[in-house]
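First the structure, in the form of structure tokens, and then the observations on it.
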Amino acid sequence: MEPNILDLRQQRCPMALLLAKRHTVQLVLGEVLNIWLNDVSSGQDIEKYLSAHGFRCQWNTSPGYFWLKVIKELD
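Each residue of the sequence shown is one higher than the one before, counting from 1 in UniProt numbering.
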């Protein structure tokens, strides 16, 4: 199975949040999405929104960017 990745490294809020919302609405229970980001404040906004809407988020770092591991926990 290929990893589910949403690359938002070129986006800033509010567009990053809008794209994350659109992409996560398609996830099924237990599905994992990795969101790649460069902008910390966009990541915080996305994490706050998703955490309030039934997703678990975990911060990770890679050279040059960071990413949120998002898991859908509630329907």
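All residues carry an ideal CB built from backbone N, CA and C; glycine is no exception. Keep in mind the model is a prediction, meaning the values are calculated, not measured.
- Rounded to whole angstroms, the Cβ separation of Leu-8 and Lys-72 is 18 angstroms, and the two are not in contact under 8 angstroms.
- In the DSSP annotation of this structure, Asp-75 is not part of any beta strand (DSSP E), being labelled neither H nor E.
- Using a Cβ distance threshold of 8 angstroms, Leu-37 and Asn-4 do not count as a contacting pair.
- Taking the Cα of Leu-74 as reference, the smallest distance to any Cα among Leu-50, Asp-39, Asp-45 and Gln-58 is reached at Leu-50.
- Looking at the DSSP output, Asn-60 bridges to Trp-67.
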